[in-house]
Ligand code: SF4
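In my numbering, the protein residues as written are 983 to 1352.
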């Protein structure tokens, strides 16, 4: 990187910020040029953007702020409603943490999002990246905000040959050197925008890049091979069986997932398994179900079709067991009644249903199972 030998960091940030002033994306959580950012909008967007792309987040963000325009309003919301508005965004523990954090800020911080990194880090769901992003974008405080875009840009600028998994510390050190002495929020967002619009993963648009004179691989075919990565691990398969019980009105049986972790607090179709391949019996004998495993001791038909859903760490192969009943007697037992409910198609739309369950319901509807 010839030019960096002269340590021309100022020219780097000036070029980037000038580019940003002309090319910045208009995003609903962003302040317009010359306006102060709304820290609640910045916080909410950063939580939603964890593991989720901008285009997916925009409609969710707009719905959230239409419903809860301040952190206080969100703090006072019923969590069931928050999870309903979150449904479909995935990583549902984020919704729980978002609501918890809103309550803490409302009660303990006078409804003001703290502009102190250690205080931010003490709040549920806020890690180092999110705290740095809030510091820079909401409060214009100097912070090295490193997301996937920044990693990609700096690994190309410096042609970092070590796989990203091993070079994060190095990238953090070099990106730190380039932080400007003003406009910290704009600088962080400029890098994000450059990574989304110009230094894109597959075919970087080097001829439009303001940083090309700083870049070791800019304009070459090599640019796209950075950042290098360790070979991908193959995702583990898991197998689950979903019990789709339809009553005489065409309503489907749903339950609340009270387990911690994946799909926590969401409305789901009852299921068993989610087993790893070595223990799996659904893949080996998909029509087999023991009485012990069967729900309500009914006659279940297991469908040929398998629904596949990919989570971050595994791929879930979902078998569907279907049964019909002509009365709701199974809900007579109080303990059963407490855990399960039949829901009609209109009210299904009001529940916080994760994408996996939506996929199963859509399949059943498309194939006229109910
Ligand atoms: S010149 Fe190309 S590879 Fe280098 S930072 Fe710009 S877009 Fe990325």
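Quick reminder that beta carbons are idealized off the backbone N, C-alpha and C, glycines included.
Rounded straight-line distance, which links the Cα of residue 1277 to that of residue 1267: Per-residue confidence for residue 1267 stands at a pLDDT of 45, beneath the threshold of 50, marking its modelled position as unreliable; the derived number appears in the next sentence. Distance from the CA atom of residue 1267 to the CA atom of residue 1277, rounded to whole angstroms, is 18 Å.
Determine whether the beta carbon atoms of residue 1031 and residue 1039 lie at a separation below 8 Å. Yes. Within cutoff.
In this structure, how does DSSP classify residue 1159 when only helix, strand and coil are distinguished? It is helical.
Look up residue 1219 in the DSSP assignment and say whether it is helix, strand or coil. Of the three classes helix, strand and coil, the one that applies to residue 1219 here is strand, per DSSP.
At the level of alpha carbons, what is the spacing between residue 1321 and residue 1063? C-alpha of residue 1321 to C-alpha of residue 1063: approximately 19 Å in a straight line.
Skipping 5 residues on each side, what residues in its chain have a beta carbon closer than 7 Å to that of residue 1229? Close CB contacts of residue 1229 within its chain, under the 7 Å cut and outside five residues either way in sequence, are with 1307, 1310 and 1324 (chain order).
Would you grab the beta carbon distance between residue 1236 and residue 1254 for me? Rounded to a whole angstrom, and I think it's under 8 Å. With 8 Å as the limit, residue 1236 and residue 1254 do not qualify as a contact, their Cβ atoms being about 16 Å apart.
Please name the residue in 1208, 1211, 1201 and 1010 whose C-alpha comes closest to that of residue 1037. The shortest CA-to-CA distance from residue 1037 to any of 1208, 1211, 1201 and 1010 is the one to 1010.
Kindly list the residues whose CB is nearer than 7 Å to the CB of residue 1285, restricted to its own chain and excluding five residues on each side of it in sequence; keep chain order. If we look at residue 1285 and ignore the five residues flanking it on each side, its Cβ neighbours are 1302 and 1304.
Which term fits residue 1326, buried or exposed, when burial requires 16 or more other beta carbons within 10 angstroms of its beta carbon? So residue 1326 counts as exposed.
Shorter than 7 Å, the distance from the beta carbon of residue 1205 to the closest heavy atom of ligand 1, or not? Correct: residue 1205 has its Cβ closer than 7 Å to ligand 1.
Quick check on the burial criterion: 16 or more other C-beta atoms within 10 angstroms. Buried or exposed for residue 1096? With a threshold of 16 other beta carbon atoms within 10 Å, residue 1096 meets it and is buried.
Whole runs of the beta strand (DSSP E) within the stretch 1314-1344, excluding any shorter than 3 residues: Whole beta strand (DSSP E) segments, 3+ residues: 1322-1325.
Distance, Cα to Cα, residue 1033 vs residue 1017? Spanning the two alpha carbons is a distance of roughly 28 Å.
Three or more C-beta pairs under 8 Å: does that hold for the stretch 1112-1127 against the stretch 1179-1191? Taking a cut-off of 8 Å for Cβ pairs, the stretch 1112-1127 and the stretch 1179-1191 do not touch, as fewer than three such pairs fall below it.
Residue 1188 in three-state terms, based on DSSP: Residue 1188: helix per DSSP, three-state reduction.
Would you kindly work out how many angstroms separate the C-alpha atoms of residue 1132 and residue 1280, rounded to a whole number? It is roughly 55 Å from the alpha-carbon of residue 1132 to the alpha-carbon of residue 1280.
Am I right that residue 1086 and residue 1102 are in contact with their C-beta atoms under 8 Å? What's the rounded C-beta distance? Wrong, their Cβ atoms sit about 11 Å apart, outside the cutoff.
Please go through the stretch 1049-1117 and give each complete beta strand (DSSP E) segment of 3 or more residues, from N-terminal end onward. Listed in chain order, nothing qualifies, since the stretch 1049-1117 has no complete beta strand (DSSP E) run of 3 or more residues.
Just curious, the alpha helix (DSSP H) that residue 1166 is in, first and last residue? Following the DSSP letters along the chain, one finds residue 1166 inside the alpha helix (DSSP H) bounded by residues 1166-1179.
With H, G and I counted as helix, E and B as strand and the rest as coil, what does DSSP make of residue 1246? Judged by DSSP in its simplified three-state form, residue 1246 adopts coil rather than helix or strand.
Between the Cα of residue 1075 and those of 1029, 1155, 1112 and 1193, spot the shortest distance and give me the residue it belongs to. With distances taken between Cα atoms, residue 1075 lies closest to 1029.
Would you check whether ligand 1 has a heavy atom nearer than 7 Å to the C-beta of residue 1307? Set against 7 Å, the gap from the CB of residue 1307 to the closest heavy atom of ligand 1 is not smaller.
Using a Cβ-Cβ cut-off of 6 Å (strictly less than) and excluding sequence neighbours within five positions of residue 1065, which residues of its own chain qualify? For residue 1065, where only same-chain residues beyond five positions count, the Cβ hits under 6 Å are 1077, 1247 and 1334.
In terms of residue numbering, what span does the alpha helix (DSSP H) encompassing residue 1135 cover? Residues 1130-1139.
Hey, could you find the ends of the beta strand (DSSP E) residue 1256 is sitting in? First-last of the beta strand (DSSP E) with residue 1256: 1253-1258.
Would you call the stretch 1152-1161 and the stretch 1218-1229 in contact, with 3 or more CB pairs under 8 Å? No, the stretch 1152-1161 is not in contact with the stretch 1218-1229.
Which residue from 1212, 1112 and 1123 puts its Cα closest to that of residue 1149? Here the closest residue by C-alpha is 1212.
From the DSSP secondary-structure annotation, give me the bridge partner or partners of residue 1225. Answer is 1303, bridged to residue 1225.
What residues in its chain sit with their C-beta under 8 Å from that of residue 1136, if we drop five residues either side in the sequence? Counting only Cβ-Cβ distances below 8 Å, and skipping sequence neighbours, we find 1142, 1153, 1156 and 1157.
Smallest Cα separation from residue 1045: which of 1027, 1008 and 1054? When only C-alpha atoms are compared, the closest one is 1027.
Within 10 angstroms of the Cβ of residue 1317, are there 16 or more other Cβ atoms? Answer buried if so, exposed if not. When all chains shown are included, residue 1317 counts as exposed.
Relative to the C-alpha of residue 1145, which residue among 1210, 1090 and 1172 is closest? Cα-wise, what sits closest to residue 1145 is 1210.
Pull up the distance between the alpha-carbon of residue 1260 and that of residue 1224, whole angstroms please. Any reading at residue 1260 must be qualified, since the residue scores a pLDDT of 48, below 50, and its modelled position is unreliable; the value itself is stated next. Rounded to the nearest angstrom, the two C-alpha atoms are 20 Å apart.
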